[in-house]
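Numbering-wise, our numbering comes out as the position in the sequence shown, counting from 1, plus 5. Glycine included, every Cβ here is placed at the ideal spot set by N, Cα and C.
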Amino acid sequence: MAATESQHRIAFVDHAVDIGGAEKSLTELVKRLDPNEFCPVLLHSNNAKWLADGSWGEFTCLPVFGPTQLLEKKRTEVGRGLLRSLADMSASAGPVFSIWRGLMRAEADLVHTNSLKCHLLGGLAARLAGRPLVWHVRDILTAQEGLNLLKRAAMSFKPRIIAISSAVAQQFADLPVTVTLIANGVPLDKFSPGPPNPQLQAELGLAPEDEVLCVVGRLTPWKGHTTLLEALSLAAPRHPHLKLMIVGEVAFWENSYERELKDKIDDLGIAGRVIWTGFREDVPELLRLCDIFVLPSVDEPFGRVLVEAMGVGKPVIGTNSGGVPEIIVDGETGLLVPPKDAEALAEAIEQMLSDPLQAQQMGEAGLNRARDLFDADRVADQVQDVYREVLAAN
Ligand code: UDP
Ligand code: GLC
Numbered sequence: 006m007a008a009t010e011s012q013h014r015i016a017f018v019d020h021a022v023d024i025g026g027a028e029k030s031l032t033e034l035v036k037r038l039d040p041n042e043f044c045p046v047l048l049h050s051n052n053a054k055w056l057a058d059g060s061w062g063e064f065t066c067l068p069v070f071g072p073t074q075l076l077e078k079k080r081t082e083v084g085r086g087l088l089r090s091l092a093d094m095s096a097s098a099g100p101v102f103s104i105w106r107g108l109m110r111a112e113a114d115l116v117h118t119n120s121l122k123c124h125l126l127g128g129l130a131a132r133l134a135g136r137p138l139v140w141h142v143r144d145i146l147t148a149q150e151g152l153n154l155l156k157r158a159a160m161s162f163k164p165r166i167i168a169i170s171s172a173v174a175q176q177f178a179d180l181p182v183t184v185t186l187i188a189n190g191v192p193l194d195k196f197s198p199g200p201p202n203p204q205l206q207a208e209l210g211l212a213p214e215d216e217v218l219c220v221v222g223r224l225t226p227w228k229g230h231t232t233l234l235e236a237l238s239l240a241a242p243r244h245p246h247l248k249l250m251i252v253g254e255v256a257f258w259e260n261s262y263e264r265e266l267k268d269k270i271d272d273l274g275i276a277g278r279v280i281w282t283g284f285r286e287d288v289p290e291l292l293r294l295c296d297i298f299v300l301p302s303v304d305e306p307f308g309r310v311l312v313e314a315m316g317v318g319k320p321v322i323g324t325n326s327g328g329v330p331e332i333i334v335d336g337e338t339g340l341l342v343p344p345k346d347a348e349a350l351a352e353a354i355e356q357m358l359s360d361p362l363q364a365q366q367m368g369e370a371g372l373n374r375a376r377d378l379f380d381a382d383r384v385a386d387q388v389q390d391v392y393r394e395v396l397a398a399n
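Right, dumping it as structure tokens:
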């Protein structure tokens, strides 16, 4: 879609191949931009599978990323070792040039980078192009070298930073940069309370008397599935109908993790209680089938899935780690437990199972909290305010 004279062109830069929360959040934002004011253009990877669902429909999408060493790294590996970083950087010259070319072609007025590696590559390209830069930071960097590299880049590119939680924002607390906290927005018209679909329930082998736990997310170790499996096996003897639905798929570089989870399920003797769905498009429908939503992750920067479950009116259990305590009010909209603590998690699950009225009240309070703080429309307004400020200052 071509921009009109009155519109500001916003170039979004995201290198992802598969869909994750970052791409979901970006898509929800872009759909809500005021078309009188902003015209989005997406600079993306040549093999971006996440665009296949057509959700970017009429907006301009330019493929600019080919494979590079830096793009293939996990977030824990970015910045590890100065020599390796330099090698990554030189291998990244191609993508930086491609992004720069994309920015010129798109006649971008502002560059909005949406992923860790794009803050570096897109940030450099924006600087070369002389365009104002917004970093939408969605990561907690547990590796000090990675964080140092990001901070050095922040000092050099001087981006306006949007952080998705205070836990993410505090990584920049010692830098002279402007950080605005804007939580992720979830489309609460889609993630809304509703009755379970009996046909779907039957397809998944769930019986009406089952007590169903659900986790949604990429199968990656820091999401904490192993802790949840251990908690399930601890609670199982007292709850003969307790089941766990695992929604999500493994990223291509982590196939061994799926094997590890399957072996663990066999070792714990809980195979009959676990339902694997793989990646699903119908997450709202699946959430309606569960009694309790659990996200047992470690250092979760935000966790859209928690808000999605709250939108469906479900009580949630999360960890006292990363941005999660900013989403769950412990004892009111859900329960918080320490990460990697299967016993505490099993206790929290049993507490909710033993008091369904309290669990239901937590679900209702969570729904109200989601509507108050995490609605995609409100969040898009906040981001547009940042664009207006940044554009006015440049
Ligand atoms: N998701 C999905 N289908 C799946 C698994 C996940 O649509 O099978 C979506 C989920 O509903 C959420 C996003 O992927 O919107 C995951 O975002 P989150 O912020 O929870 O985690 P991330 O993957 O970004 O770390
Ligand atoms: C990242 C984080 C996740 C967050 C998502 C959307 O993928 O892992 O916690 O919800 O971005 O910002």
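Sorted by chain position, which residues of the same chain lie with C-beta nearer than 7 Å to residue i's C-beta, five sequence neighbours on each side aside?
i    : result
G127 : V18, I104, V116 and T118
D23  : K54, W55 and A256
R376 : L193
G368 : G318, K319 and P320
R14  : A8, C44, V46, A111, E112, A113 and D114
In whole angstroms, what is the alpha-carbon distance linking residue i and residue j?
i    : j    : result
R37  : L155 : 29 Å
L358 : A364 : 8 Å
P137 : A241 : 54 Å
A159 : L121 : 12 Å
L273 : S238 : 7 Å
F379 : K29  : 14 Å
L340 : C219 : 15 Å
E352 : V184 : 38 Å
G99  : R383 : 37 Å
V277 : S197 : What sits at residue 277 in the sequence shown is Gly, not Val. Those two C-alpha atoms are separated by around 30 Å.
N399 : R393 : 10 Å
D287 : T225 : 21 Å
G336 : A172 : 21 Å
Q149 : M250 : 35 Å
T324 : S11  : 46 Å
L362 : D58  : 39 Å
E348 : E235 : 8 Å
Y262 : C123 : 26 Å
V279 : C295 : 13 Å
E407 : F284 : Outside the shown range of the chain, which is 6 to 399, sits residue 407, and nothing can be said about it.
R223 : T231 : 13 Å
G328 : T282 : 27 Å
With 9 Å as the threshold, decide whether the Cβ of residue i is near any Cβ in chain B.
i    : result
E259 : Within the model displayed, chain B is absent; a lone protein chain is all it includes.
What is the DSSP secondary structure of residue i, reduced to helix, strand or coil?
i    : result
E10  : coil
A53  : coil
W140 : strand
I280 : strand
H230 : helix
K345 : coil
K248 : strand
R383 : helix
A397 : helix
H117 : strand
G339 : strand
Assuming residue i and residue j form a contact by the criterion Cβ under 8 Å, report the distance between their Cβ atoms to the nearest whole angstrom.
i    : j    : result
V312 : I332 : 6 Å
V142 : A178 : With 8 Å as the limit, V142 and A178 do not qualify as a contact, their Cβ atoms being about 13 Å apart.
G371 : P320 : 7 Å
P344 : G229 : 7 Å
V1   : F64  : Lying before the first or after the last residue shown, residue 1 is absent from the chain, which here runs from 6 to 399.
Q175 : L152 : Their Cβ separation, rounded to whole angstroms, is 11 Å, which puts Q175 and L152 out of contact at 8 Å.
L350 : L233 : 7 Å
V342 : V139 : Going by Cβ atoms, the distance from V342 to V139 rounds to 35 Å, so no, they are not a contact pair.
I166 : Q387 : So it is not a contact: roughly 14 Å between Cβ atoms.
D39  : Q389 : 6 Å
G316 : V191 : 6 Å
Grab me the residues of residue i's own chain with a C-beta within less than 8 Å of its C-beta, minus the 5 sequence neighbours each way, in chain order.
i    : result
P213 : Q206
G26  : R143, N189, F307, G308, R309 and V310
E355 : A240, R243 and H244
S60  : T32 and K36
If I measure Cβ to Cβ from residue i and keep anything under 6 Å in the same chain, skipping five residues before and after, which residues do I get?
i    : result
A134 : W105 and L108
R374 : T338
S50  : H20, V22 and F70
R132 : F162
A314 : L292, F298 and V321
D268 : none
K248 : D215, V217 and R278
K195 : P289
Does the distance between the C-beta of residue i and the nearest non-hydrogen atom of the ligand NAP fall short of 8 Å?
i    : result
G222 : This structure lacks the ligand NAP; the ligands present are the ligand UDP and the ligand GLC.
So if I measure from each beta-carbon to every heavy atom of the ligand GLC and keep distances below 6 Å, which residues remain? Residues lining the ligand GLC by the Cβ criterion, that is a Cβ closer than 6 Å to any of its heavy atoms, are G25, G26, A27, S30, R143, I169, N189, E305, P306, F307, G308 and R309 in chain order.
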